[in-house]
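In the working numbering, the protein residues as written are -19 to 425. Where is the CB? At the ideal position from N, CA and C, for every residue including glycine. Step one of this worksheet: look at the structure below.
Right, here's the structure in full:
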């Protein structure tokens, strides 16, 4: 019985191997990595990322004589098209100060929920430079992400930036690395972050061009960010460690009516200042029916950054016409048309190439099928011959085993009969001994 089970197992294994060989020709991958099955082609289509693009070197002729600004670098960009309206040293590396927090807010909005609770660590609270802007959160105090983001954008809380960074990446250093990586992914070419708040570090820098990309990305992709940077006042109710309500007023004086630098067309922004960075400012404006972003780096101070921004905005309002914006739109439409045509041509070429590849693959598959059919016949013939020999050997062994079993049975039967005869004879002898036990067989005299 065991021998029969073994033979059945071996036969099943051989048949499985032959079936695998026969079905291995159904699907295969071509050299491009596409899976080709039954004549069909499967491919992955990568969707285009919506990343802001700044198109430099196309400032309209009407803006050939812009005003002089104090800031060492600056840029104004039409956010609808990415064309620049003003450029000054846009690729020079400068310290950003607290406009860094636009990137901090971006990563927080991407990775956290507004209702998430942040518990402030010792490092988040006590590594902030004394005298710098702060929400004065206590170690162990709990604030929601929403509250932290408002404090980040309105009062530029450095401790809040640290707390958000730790919540996103686990540590402030890891968060700074994520900030730099995000900037590179957006297309920034000369930006490196070393912290979440923007306090001075020699290795913490950006450019007007890169900061415009970061600012456009945040404003265009996050509705919450648009709300944050345009809010004038935000109240924080008592927390687990603070029994009083906090009242936070936006540091951006361009959106606060009654301020010296109030600008009606400004719809939001973020301020920054350190001794090393000077005045820095990112603002968003509605100018002549278009939304623009203005970036100022290394102005004399915060007041200088406001003055530079207002001067550029006034200049653009007075000199950029609807015809200029129409020209921008026409260039974008032309670019999109050319891109669409190029895409169609690429698709057409890809389809032609794919059809050729499919035909070539079909021919190869046909040749392989013919070769595989011959090989399969040979393999199956060998398997059948092997099985015939195997079962013949198994049968002969079975016959020999049966003969040996029969001989053993006969031998046992003979021994059993002999044993019975021996016991019978022994019994008769015993009876005779008992019968003649007292009989005297000696000779009588």
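Go to residue i, then tell me how far its alpha helix (DSSP H) extends in each direction, as first and last residue.
i: residue 214; result: That residue, residue 214, is in no alpha helix (DSSP H); its beta strand (DSSP E) goes 213 to 216.
i: residue 206; result: 203 to 210
i: residue 90; result: 81 to 91
i: residue 299; result: 282 to 299
Kindly indicate which three-state DSSP category residue i falls into: helix, strand or coil?
i: residue 125; result: helix
i: residue 399; result: helix
i: residue 243; result: coil
i: residue 151; result: coil
i: residue 183; result: coil
i: residue 229; result: strand
i: residue 417; result: coil
i: residue 11; result: Confidence at residue 11 is low in this model, with a pLDDT of 34, below 50, so its placement is unreliable and the value that follows should be read with caution. DSSP places residue 11 in coil when its eight states are reduced to three.
i: residue 407; result: helix
i: residue 109; result: coil
i: residue 30; result: coil
Whose C-alpha, out of the options, is nearest the C-alpha of residue i?
i: residue 31; options: 165, 107, 115 and 142; result: 165
i: residue 266; options: 57, 405 and 222; result: 57
i: residue 252; options: 233, 242 and 239; result: 233
i: residue 207; options: 141, 193, 187 and 82; result: 82
i: residue 167; options: 143, 183 and 197; result: 197
i: residue 295; options: 373, 391, 35 and 44; result: 44
i: residue 173; options: 129, 41, 282 and 74; result: 74
i: residue 268; options: 277, 242, 106 and 301; result: 301
i: residue 101; options: 92, 150 and 170; result: 150
i: residue 134; options: 309, 287 and 250; result: 250
i: residue 104; options: 97, 96, 120 and 90; result: 120
i: residue 139; options: 40, 240, 112 and 161; result: 112
i: residue 271; options: 51, 47, 62 and 42; result: 62
i: residue 122; options: 218, 238 and 53; result: 218
i: residue 72; options: 79, 65, 55 and 210; result: 55
i: residue 49; options: 60, 277, 231 and 224; result: 277
i: residue 427; options: 280, 77, 163 and 204; result: Because the chain spans -19 through 425 in this model, residue 427 falls outside it and cannot be assessed.
i: residue 205; options: 400, 244, 333 and 125; result: 125
Quick one: is residue i buried, meaning 16 or more other Cβ sit within 10 Å of its Cβ, or exposed?
i: residue 118; result: exposed
i: residue 94; result: exposed
i: residue 306; result: exposed
i: residue 428; result: Lying before the first or after the last residue shown, residue 428 is absent from the chain, which here runs from -19 to 425.
i: residue 37; result: exposed
i: residue 235; result: buried
i: residue 152; result: buried
i: residue 185; result: buried
i: residue 290; result: buried
i: residue 264; result: buried
i: residue 87; result: buried
i: residue 415; result: exposed
i: residue 384; result: exposed
Quick one: give me the first and last residue of the beta strand (DSSP E) that residue i is part of.
i: residue 222; result: Neither: residue 222 is in no beta strand (DSSP E) and is coded neither H nor E.
i: residue 68; result: 64 to 68
i: residue 266; result: 258 to 267
Residue i bridges to which residues according to DSSP?
i: residue 275; result: 55 and 262
i: residue 74; result: 186
i: residue 172; result: 185
i: residue 98; result: 123
i: residue 252; result: 260
i: residue 270; result: 267
i: residue 236; result: For residue 236, which the question treats as bridged, DSSP gives no partner whatsoever.
i: residue 35; result: 63
Taking only beta-carbon atoms, is residue i less than 8 Å away from chain B?
i: residue 108; result: Checking the listed chains, one finds no chain B in this structure; it contains a single protein chain.
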